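For the sequence shown, counting from 1, position 303 maps to 303 in our numbering; every step adds exactly one.
Yeah, the Cβ is synthetic: ideal placement off N, Cα and C, and Gly gets one too.
Source: prediction; values computed, not measured.
In what follows, a single structure is set out as structure tokens and then discussed.
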Amino acid sequence: MAAISDRYEARDESAPKAPVKRRWGRMTVRHFFSLCWQALVAWFEDSAPRHGAAIAYYTLFAIAPVLVLVIGIAGLAFGEEAVRGEIVAQISGLIGREGAEAVQSILQKASEPREGIGATVLGLVGLVFAGTGAFLELQAALNKVWEVKAKTTSTFDVKSLVVRRLRSLGVVVSIGFLLMVSLAVNAAVHAAVNLLGSLTTGFPFLVLVVNQVVNLVVSALLFAVLYRVLPDVRLGWRDVAIGSIVTAVLFAIGQRLIGLYLGNSALASPFGAAGTIAIILVWVYYSTQIVLLGAELTRVFASDARGEAAPSEGAVKREPAPAS
């Protein structure tokens, strides 16, 4: 663990260091796995399990508002019922039928129209604040990964609070847009298969392959948005590209393994009526671990390619941990 444990050693901040530029095409397999090992060790040192538990708790309250906003955005092109059905089907494949039914029930309650303009406005404000809460917690975890923190002020900074909420809301909007793109591509693929299906019997396999590729691309784009927008560091799209792609692959594999575990375990039994909530929490917790590991991968890849990223406006480098 010495490779990454030493990252908190004192640095000579007065002497600027030229970033180390490395071409990905020239990276050796050994160096690639060395970076992956550094990311894994950093994942342990940055208390990812504890951050994952906090994010899972916030996500439990953010599921409904986030999905309502996402469905509202993607529903502009495909209709809310179609998008809702697709999301529930995807959730069913990940956490099982009971968990999907619980999410569907939550969505129905959250989507019920409210009487009066005042109630509607309050409902929308509540959706935004509840929906962005989980992303703010994720932002705090990503800031720890990048060793930065928001500047502390003696007064309540309304501007900073609004900006952080808007950034989180922007991530939610991006999720809705990417879902819309994913649905459009999948619909186009199925339409092409229906037109050409009589020519060959190999198209069902092609549909499966294309769907998997589309899902990976959409996941990689989503992780790129998360890793570039949420942490308080100056990053370019190239800085997060490799980490986002690797995370998308890990996430796809991890989701299958988590789904197998939840589908073959009696996790919900001891919790009775709250069993579906326990399933959702466990699924979010383990999914978050993959996301945070991907953030560590993104950091070590970006740092190896161009050096340490500078804090963004309104943020500073975190103080080195005292030696024990």
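Collapsing the DSSP output to three states places residue 151 in coil. Sequence-distant partners of residue 239 (beyond 5 residues in either direction) whose C-beta falls short of 6 Å from its own C-beta, in its chain, are 302. Taken through DSSP and simplified to helix, strand or coil, residue 231 comes out as coil. A straight line joining the alpha-carbon of residue 51 with that of residue 298 spans about 18 Å.
Residue state for residue 241 is assigned as helix, using DSSP reduced to three classes. Exposed is the label assigned to residue 319, since fewer than 16 other Cβ atoms lie within 10 Å of its Cβ. Each residue's CA atom was taken as its position, placing residue 34 and residue 227 some 21 Å apart.
Out of 39, 31, 32 and 27, the CA that lies nearest to the CA of residue 296 is found in 39.
With respect to the C-alpha of residue 279, the residue from 31, 75, 100 and 32 having the closest C-alpha is 100.
Taking each of 102, 250 and 69 in turn and checking the Cα distance to residue 36, the smallest one comes out for 250. For the pair of segments examined, the stretch 245-261 was found to touch the stretch 209-220: the number of CB pairs separated by less than 8 Å reaches three. Counting along the chain, residue 82 sits inside the alpha helix (DSSP H) bounded by residues 80-95. Annotated as proximal: residue 292 and residue 145, with beta-carbon spacing under 9 Å.
Listed in chain order, the non-local C-beta contacts of residue 284 below 6 Å within the same chain comprise 56 and 59, local neighbours out to five positions each way being set aside. Straight through space, the alpha carbons of residue 229 and residue 148 are spaced by roughly 14 Å. Short of 8 Å from the beta carbon of residue 235, and not among the five residues preceding or following it, lie these beta carbons of its own chain, in chain order: 227, 228, 302 and 309.
Rounded to whole angstroms, the gap between the alpha carbons of residue 81 and residue 135 is 26 Å. Counting only runs that start and end inside the stretch 284-324, there is no alpha helix (DSSP H) element of at least 4 residues. CA-to-CA, the gap between residue 77 and residue 45 works out to about 44 Å. A direct Cα-Cα distance of roughly 28 Å separates residue 277 from residue 143.
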